[in-house]
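FYI, the numbering for the sequence shown is 1 to 319, going by UniProt numbering. We treat Cβ as the ideally placed atom computed from N, Cα and C, and that holds for glycine. Since this is a predicted model, take the numbers as computed values, not measurements. Worksheet for the structure shown next.
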Amino acid sequence: MISTNVINKVNGITKDNVTNNRVYGADRHETNANVIKKFYTDDELEAILVAKSDVLVDALAAGPLAASLKSPILITPKTYVSAYHKTNLETKSANKVYKIGGGLTSKVMSSIASSLSKHNTTPADPGSNNGAKTVMIDPGHGGSAPGNSFGGMIEKDYNLNTSLATTEYLRSKDINVIMTRDTDKTLSLGSRTALSNSLKPDLFTSIHYNGDNNRKGHGVEVFYKFKDKNGGTTKTVATNILNRILEKFKLTNRGIKTRVLPSDSTKDYLYVLRTNNIPAVLVECAFLDNEKDVSLINSPAKVKEMGIQIGKGIEDSLK
1 MISTNVINKV NGITKDNVTN NRVYGADRHE TNANVIKKFY TDDELEAILV
51 AKSDVLVDAL AAGPLAASLK SPILITPKTY VSAYHKTNLE TKSANKVYKI
101 GGGLTSKVMS SIASSLSKHN TTPADPGSNN GAKTVMIDPG HGGSAPGNSF
151 GGMIEKDYNL NTSLATTEYL RSKDINVIMT RDTDKTLSLG SRTALSNSLK
201 PDLFTSIHYN GDNNRKGHGV EVFYKFKDKN GGTTKTVATN ILNRILEKFK
251 LTNRGIKTRV LPSDSTKDYL YVLRTNNIPA VLVECAFLDN EKDVSLINSP
301 AKVKEMGIQI GKGIEDSLK
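Here it is, written out as C-alpha cells:
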C-alpha cells in the first residue's frame, strides 16, 4: 500500500491530482479488475494475459508482452477466478488468452477462455467440484486459409458455422467450451495445438469439410489418434460422433480412421492430432464438391443440425 505521505508528495509535482485519479479496490483482485475496466475500454480485446495473484513476479514479467499487445494482465488465485473479474469477463471478448508462468489450474484457464469467447455463456465455476467437462472446438482453416472450395462454397465458413452450432449445443448442456477461433481469422496449426496443450481441455475436436480433386469422394469420416487404434478414448469419441451424424444425415459412411506419417508409422499424419497432448479427433463432415453431399448441407438450418449432431456425439463421449 502507498502511504498518504507519498501520495501528497507526488501531488505536489504532478499536473493532475493523484488522489482524484487513484484506481484502487478492496484487494489486489478488485484493483486489477478496476484497472482493466478503466484503461482497457474496448469490449473486443486482442488478448488477455493471465497470471497467478499470490506471487506477482509472473505478472511483472509479462509487462513488456502486455504493452506490445496493448492488452491487460488479469491476476487471479490459482484455483478459482476472483469474483471481482465477473463484469470484465462478461462484457469483454478476446481473440487470445495467454497463461503467464505456472500455478494456475487448467479449470481456471478454461473458464476464463470460455468467458472471453465472443460466443460465450456463463461457464461453470472452476472453483466448484461439479465435475464439469471442458471441450476445445477447432473450426478448421480460416482467414487467408480458405480450405476446400467449390461453386461458391468455402470450407472455412462451413467449418466455423458448424463449430458455432456445436459450441451452442454443448454449452446448453453445461459443458465448458473453448473455441480456437470464432471469427474468420488466420490461425496456424501450431497455435491451435499450443492452446490445447496449455489449457488442457478434456477433448479437442477439429471440424472440417472434405474435398476431392477428382470429384469422386463423398461421405463422412472421423479421424482419431493412432495410439487408440486397438481401443481408447479417441476411437470411442470418433465412433460416437460418426454415429450421431449418420443418425440425421444420409451420407456415405466412410468410417472412423487413423492415418500415419509415411516416414513414421507410429505417428499421426494430421498435425492437430500428432502434436496434441489431449485426446483429439478430426471430423470431415461431407464433401463440398459432391452434389449429393452438398444437397444435405445446403442451408444454414442443415449446417446447424450437423453441428448439433457433432455436439451430441461429444456429449455421449463425456458421460
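Through-space distance from residue j to residue i, alpha-carbon basis
{"i": "K107", "j": "S53", "result": "16 Å"}
{"i": "K267", "j": "N34", "result": "48 Å"}
{"i": "T162", "j": "H85", "result": "31 Å"}
{"i": "K312", "j": "P300", "result": "18 Å"}
{"i": "S295", "j": "K216", "result": "16 Å"}
{"i": "D316", "j": "N240", "result": "7 Å"}
{"i": "G255", "j": "D228", "result": "15 Å"}
{"i": "I308", "j": "K173", "result": "12 Å"}
{"i": "I207", "j": "R22", "result": "48 Å"}
{"i": "L246", "j": "D293", "result": "12 Å"}
{"i": "K96", "j": "N230", "result": "36 Å"}
{"i": "E305", "j": "I297", "result": "9 Å"}
{"i": "V55", "j": "V272", "result": "34 Å"}
{"i": "L288", "j": "V81", "result": "43 Å"}
{"i": "T91", "j": "I36", "result": "12 Å"}
{"i": "F249", "j": "G147", "result": "23 Å"}
{"i": "T105", "j": "F150", "result": "44 Å"}
{"i": "E291", "j": "G140", "result": "22 Å"}
{"i": "L270", "j": "S198", "result": "19 Å"}
{"i": "T79", "j": "P262", "result": "43 Å"}
Boundaries of the alpha helix (DSSP H) in which residue i is found, first to last residue
{"i": "L170", "result": "155-172"}
{"i": "F223", "result": "F223 -> not in any alpha helix (DSSP H); beta strand (DSSP E) instead, spanning 220-223."}
{"i": "I175", "result": "Element bounds for I175: n/a, residue is neither H nor E."}
{"i": "D54", "result": "It is not in any alpha helix (DSSP H) - D54 carries neither H nor E in the DSSP assignment."}
{"i": "N34", "result": "28-39"}
{"i": "A194", "result": "189-199"}
{"i": "D43", "result": "D43 -> no alpha helix (DSSP H), and no H or E assigned at all."}
Residues that DSSP places opposite residue i in a beta bridge
{"i": "I48", "result": "V97"}
{"i": "P139", "result": "I207"}
{"i": "D268", "result": "V260"}
{"i": "L74", "result": "V50"}
{"i": "residue 327", "result": "Because the chain spans 1 through 319 in this model, residue 327 falls outside it and cannot be assessed."}
{"i": "T134", "result": "N176"}
Continuous beta strand (DSSP E) stretch holding residue i: start and end
{"i": "L203", "result": "203-210"}
{"i": "R254", "result": "253-257"}
{"i": "F287", "result": "280-287"}
Test item: CB-CB of residue i and residue j under 9 Å
{"i": "V135", "j": "T205", "result": "yes"}
{"i": "T258", "j": "G219", "result": "no"}
{"i": "V177", "j": "S117", "result": "yes"}
{"i": "Y24", "j": "S71", "result": "no"}
{"i": "F223", "j": "V283", "result": "yes"}
{"i": "T193", "j": "M179", "result": "no"}
{"i": "N32", "j": "L69", "result": "no"}
{"i": "L45", "j": "A62", "result": "no"}
{"i": "K319", "j": "V281", "result": "no"}
{"i": "residue 320", "j": "I310", "result": "There is simply no residue 320 to check, as the chain begins at 1 and stops at 319 in what is shown."}
heavy atom of the ligand HEM below 8 Å from residue i C-beta
{"i": "S114", "result": "What this structure holds is no ligand at all, so the ligand HEM is not there to describe."}
Practice item. Could you say if the stretch 95-102 and the stretch 147-160 meet the contact criterion of at least three C-beta pairs nearer than 8 Å? Key: no
Check your understanding: So does the stretch 234-243 actually touch the stretch 170-186, counting three or more Cβ pairs closer than 8 Å?
Key -> Judged by Cβ distances under 8 Å, the stretch 234-243 makes no contact with the stretch 170-186, as fewer than three pairs qualify.
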